[in-house]
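Asker: Please find one structure pasted underneath; my questions will follow.
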Amino acid sequence: MKKMDAFRSYFIIFILFAAALFLRNWSLLVVVMLCSFAFWKYRLQLGKTRKQLMSEEEMEARITAWEPLPLVPETCDSNIREPQTIEGKITKYVNINGKECLNMISSDFYGLIGNERIEEAAKNTIFKYGVGSCGPRNFYGTVDVHLNLEKQLADFLGCEEAILYSYGFATIASAIPAYSKKDDLIFVDKSVNFSIQKGLQASKSKIIWFNHNDMDHLERLLEEQSLADSKNKKKTATIRKFIVVEGIYANTADLCPLDKLIEFKWKYKVRIFVDESLSFGVLGENGKGITEHFGIDAVDVDLISASLENAVATTGGFCAGRSFVIGHQRLSGLGYCFSASLPPLLTVAASEAINIIQEKPNLPKILRQKSIALHKLILNATEGLKFVVIGDEISPLKHIGFEHEDKAVIEQVLNDFVSELQTVGILVSRAHYLSDQEAFSQKATVKVTCRVDVTDEEMEKIGEKFRLVMKKLNRGDD
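Using full-length UniProt numbering, read the sequence shown as starting at 1 and increasing by one per residue.
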């Protein structure tokens, strides 16, 4: 019966084909040929499907042999850690599992969490505006405090305009695809943070990775691209080129060589995006970031992006730059257009935090001094041991690694390092990554941060306890 149906179908197609030729109706001929091809593909696929069908005996044998995997993968007992429960505010000292510990993991570098002035401003904002903003910025979610903070940020950095996002992670992840599209080129440092990586994926641009902070490697890549462009100027005339870096790298705690990058910007006609999430409010004489640190005009960087969740100690993020660059994001930045805007109370909290940093211009200098002192203390603690300090000495974020050939040993030592420090009253944390989604594997480390309100006595105790725990956990190659 099935063979007869197929014969009838082929016969009808043949008749239509002959009629089209006889009548010289080329349109009908094209339609018949397309229908013939589609029918042939359908029959071919149907034949493959039939061949793939198993007999009942084969199916029963497979079902009998099948063994389900466990719902949860087996985990070594050494990797299981007790849940960490914090009570109260995350300030200089935190109560974790009933024990008071010095907080050396929070990125609240200036100790602004719990600041009475900021809390009072936030309370007053709740009475006036309520808790939320009830919509995205372009759909009745814009409140006057949003506009005030955007102007304040632009004035503080010396840029023409700024745009406010409601979530720090979404800021750079939205900004990159707003400008860079398919066929555009993005030169990216291999150590960039995860939010930048998500923005790169969303852009669908061609990504060219260069070794971390290796300006010679980057220049070679730019030179190669420039040579390739010169061979086909017509095709490459519409292709834009970008360099994406971080002011202070979250994964390595060192600074990008922005002065060299600016040279490349003018020489190779590329645009520069800098994520200043960790450097905003920290670097430079007044805390304006990596541009002030290198004495570079902020407008020379095409786009400055930063999270407000570190030095400013609130929620949200922003981009700053020239007006035509920022204005484009108001219709193209996905996190701006489709996310509910930053709640007014958090907006005011950010504004007050920036006011405090501006009113106390010595804060960034004190933080740098404390960061350098902490760096030297940890460096001294690692002397003669397999522990290493990673990062720039002026960065308030430090990474501590352990040198060993066996990755399992490294993991165990670093986990024990965190636990042992907590038992002696110091709170640090492992650096966590989504290993299966990261563009490049990152080194296993422990993260340590510095605060301006840490006293000299506390610094001495930190050095002593770090040395004590490191000596206890230090292992050889056996």
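Idealized CB from N, CA, C, for every residue including glycine. Please read all numbers here as calculations on a predicted model, not as lab measurements.
Rounded to the nearest angstrom, what separates residue 191 and residue 425 at their Cα positions?
Answerer: Counted from its first residue, the sequence shown places residue 191 at position 191. Counted from its first residue, the sequence shown places residue 425 at position 425. One C-alpha to the other measures close to 31 Å.
Asker: Could you pull the start and end residues of the beta strand (DSSP E) that residue 271 belongs to?
Answerer: On the sequence shown, position 271 is the one that residue 271 refers to. 271-275 is the extent of the beta strand (DSSP E) around residue 271.
Asker: When the Cα of residue 106 is compared with those of 324, 431, 437 and 443, which residue comes out closest?
Answerer: Taking the sequence shown and counting its residues from 1, the one referred to as residue 106 is at position 106. Minimum Cα distance to residue 106 is reached at 431.
Asker: Take residue 404 and list the residues in its own chain whose beta-carbon comes closer than 6 Å to its own, dropping the five residues that flank it on each side.
Answerer: As a working note, residue 404 is residue 404 in the sequence shown. 410.
Asker: With DSSP as the reference, please indicate the residues paired to residue 162 in a beta bridge.
Answerer: Here residue 162 is taken as the residue at index 162 of the sequence shown, counted from 1. The partner list for residue 162 (beta bridge, DSSP) reads 320.
Asker: In whole angstroms, what is the alpha-carbon distance linking residue 505 and residue 148?
Answerer: In the structure displayed, the chain extends from 1 to 478; residue 505 sits before or after that span and is not available.
Asker: On the three-state DSSP scale, how would you describe residue 210?
Answerer: Locating residue 210 in the sequence shown gives position 210, counting from the first residue. Reduced to three states, the DSSP call for residue 210 is strand.
Asker: Tell me, to the nearest whole angstrom, how far the beta carbon of residue 311 is from that of residue 338; I am working on the premise that it is less than 8 Å.
Answerer: Indexing the sequence shown from 1 puts residue 311 at position 311. Indexing the sequence shown from 1 puts residue 338 at position 338. Their Cβ separation, rounded to whole angstroms, is 27 Å, which puts residue 311 and residue 338 out of contact at 8 Å.
Asker: Using the rule of at least 16 other Cβ atoms within 10 Å of the residue's Cβ for burial, across every protein chain shown, is residue 391 buried or exposed?
Answerer: Your numbering for residue 391 matches position 391 in the sequence shown. Per the 10 Å Cβ criterion, buried.
Asker: Taking the beta carbon of residue 167 as the centre, do at least 16 other beta carbons fall within 10 Å, making it buried, or is it exposed?
Answerer: Translated into positions along the sequence shown, residue 167 becomes position 167. Residue 167 should be labelled buried.
Asker: Pop quiz: residue 110 and residue 452 are said to be a contact at Cβ under 8 Å. What is the actual Cβ separation, rounded to whole angstroms?
Answerer: Indexing the sequence shown from 1 puts residue 110 at position 110. Indexing the sequence shown from 1 puts residue 452 at position 452. The pair is a contact, with the Cβ atoms about 6 Å apart (cut-off 8 Å).
Asker: Could you check where the alpha helix (DSSP H) with residue 349 kicks off and where it finishes?
Answerer: Along the sequence shown, one-based indexing puts residue 349 at 349. Start and end: 344-359.
Asker: In whole angstroms, what separates the C-alpha of residue 213 from that of residue 99?
Answerer: Reading the sequence shown from its first residue, position 213 is the one you call residue 213. Reading the sequence shown from its first residue, position 99 is the one you call residue 99. Straight-line Cα distance between these residues: approximately 40 Å.
Asker: So, are the CB atoms of residue 448 and residue 398 less than 8 Å apart?
Answerer: The residue you call residue 448 lines up with position 448 of the sequence shown. The residue you call residue 398 lines up with position 398 of the sequence shown. Their beta carbons are under 8 Å apart, which means residue 448 touches residue 398 by this criterion.
Asker: Is residue 1 buried or exposed, if buried means 16 or more other CB atoms sit within 10 Å of its CB?
Answerer: Residue mapping note: residue 1 aligns to position 1 of the sequence shown, counting from 1. Unreliable positioning characterises residue 1 in this predicted model, as indicated by a pLDDT of 47, which lies under 50. A coordinate reading is not provided.
Asker: Sorted by chain position, which residues of the same chain lie with C-beta nearer than 8 Å to residue 299's C-beta, five sequence neighbours on each side aside?
Answerer: By one-based count along the sequence shown, residue 299 stands at place 299. So the qualifying residues of the chain are 158, 159, 160, 321 and 322.
Asker: Hey, how far is the Cα of residue 108 from the Cα of residue 116?
Answerer: Start at 1 with the first residue of the sequence shown, and residue 108 comes out as number 108. Start at 1 with the first residue of the sequence shown, and residue 116 comes out as number 116. Computed Cα separation, rounded: 15 Å.
Asker: Quick check: the Cα distance between residue 232 and residue 241, rounded to an integer number of angstroms?
Answerer: Counting from 1 along the sequence shown, the entry for residue 232 is found at position 232. Counting from 1 along the sequence shown, the entry for residue 241 is found at position 241. So the two alpha carbons sit approximately 15 Å from each other.
Asker: Report all residues from its chain with a CB closer than 7 Å to the CB of residue 302; omit the five preceding and five following residues, and keep chain order.
Answerer: Along the sequence shown, one-based indexing puts residue 302 at 302. Only 271, 272, 273, 321 and 325 meet the Cβ criterion.
Asker: Quick one: which unbroken beta strand (DSSP E) runs of 3-plus residues sit fully inside the stretch 393-425? Chain order, please.
Answerer: Runs of the beta strand (DSSP E) inside the stretch 393-425: 397-402.
Asker: Just how far apart, CA to CA, sit residue 223 and residue 268?
Answerer: Residue mapping note: residue 223 aligns to position 223 of the sequence shown, counting from 1. Residue mapping note: residue 268 aligns to position 268 of the sequence shown, counting from 1. Taking the straight line joining both Cα atoms gives about 8 Å.
Asker: Mapping the DSSP letters down to three states, classify residue 155 as helix, strand or coil.
Answerer: Taking the sequence shown and counting its residues from 1, one reaches residue 155 at position 155. Helix, per DSSP.
Asker: Residue 59: buried (16+ other C-beta within 10 angstroms of its C-beta) or exposed?
Answerer: The sequence position of residue 59 within the sequence shown is 59, counting from 1. It is exposed - the Cβ of residue 59 has fewer than 16 other Cβ atoms within 10 Å.
Asker: On the DSSP bridge assignment, give the partners of residue 449 in chain order.
Answerer: Within the sequence shown, numbered from 1, the residue matching residue 449 stands at position 449. Answer is 397, bridged to residue 449.
Asker: Grab the span of the alpha helix (DSSP H) containing residue 173 for me, first residue to last.
Answerer: Position 173 of the sequence shown, counted from the start, is the residue given in the question as residue 173. Where residue 173 is concerned, the enclosing alpha helix (DSSP H) stretches over 168-179.
Asker: Rounded to whole angstroms, what's the CA-CA distance from residue 343 to residue 229? Just pull it up for me.
Answerer: Within the sequence shown, numbered from 1, the residue matching residue 343 stands at position 343. Within the sequence shown, numbered from 1, the residue matching residue 229 stands at position 229. Their Cα atoms are separated by approximately 46 Å.
Asker: Going by CA-CA distance only, name the one from 139, 284 and 164 that's closest to residue 150.
Answerer: Your numbering for residue 150 matches position 150 in the sequence shown. With distances taken between Cα atoms, residue 150 lies closest to 164.
Asker: Less than 8 Å between the C-beta atoms of residue 290 and residue 244, yes or no?
Answerer: Numbered from its first residue, the sequence shown carries residue 290 at position 290. Numbered from its first residue, the sequence shown carries residue 244 at position 244. Contact flag unset, no.
Asker: When the Cα atoms are used, what is the spatial distance from residue 408 to residue 436?
Answerer: As a working mapping, residue 408 is identified with position 408 in the sequence shown. As a working mapping, residue 436 is identified with position 436 in the sequence shown. Taking the straight line from one Cα to the other gives about 18 Å.
Asker: Flag this pair as touching only if the stretch 374-389 and the stretch 457-477 have three or more C-beta atom pairs under 8 Å; answer yes or no.
Answerer: Because the criterion of three Cβ pairs below 8 Å is met, the stretch 374-389 and the stretch 457-477 touch.
Asker: Residue 3 to residue 38, Cα distance in whole Å?
Answerer: Here residue 3 refers to the residue found at position 3 of the sequence shown. Here residue 38 refers to the residue found at position 38 of the sequence shown. Because the pLDDT of residue 3 is 49, which lies under 50, any placement of that residue in the model is unreliable, and the question is left without a value.
Asker: When the Cα of residue 97 is compared with those of 389, 422 and 219, which residue comes out closest?
Answerer: The residue labelled residue 97 in the question sits at position 97 within the sequence shown. Per the Cα distances, 422.
Asker: Buried or exposed for residue 470, please, with buried defined as at least 16 other CB atoms from any protein chain shown within 10 angstroms of its CB.
Answerer: In the sequence shown, the residue the question calls residue 470 occupies position 470. Label assigned to residue 470: buried.
Asker: Should residue 292 and residue 247 be called a contact, given that it needs their Cβ atoms to be closer than 8 Å?
Answerer: The count along the sequence shown starts at 1 and reaches residue 292 at position 292. The count along the sequence shown starts at 1 and reaches residue 247 at position 247. Going by C-beta atoms, residue 292 is not nearer than 8 Å to residue 247.
Asker: Measure how close the beta-carbons of residue 146 and residue 314 come, nearest whole angstrom, since I'm counting them as under 8 Å.
Answerer: Counting from one through the sequence shown, the residue named residue 146 turns up at place 146. Counting from one through the sequence shown, the residue named residue 314 turns up at place 314. Going by Cβ atoms, the distance from residue 146 to residue 314 rounds to 13 Å, so no, they are not a contact pair.
Asker: Mind checking which residues open and close the alpha helix (DSSP H) that includes residue 338?
Answerer: Against the sequence shown, residue 338 aligns to sequence position 338. Run containing residue 338: 334-338, per the alpha helix (DSSP H) assignment.
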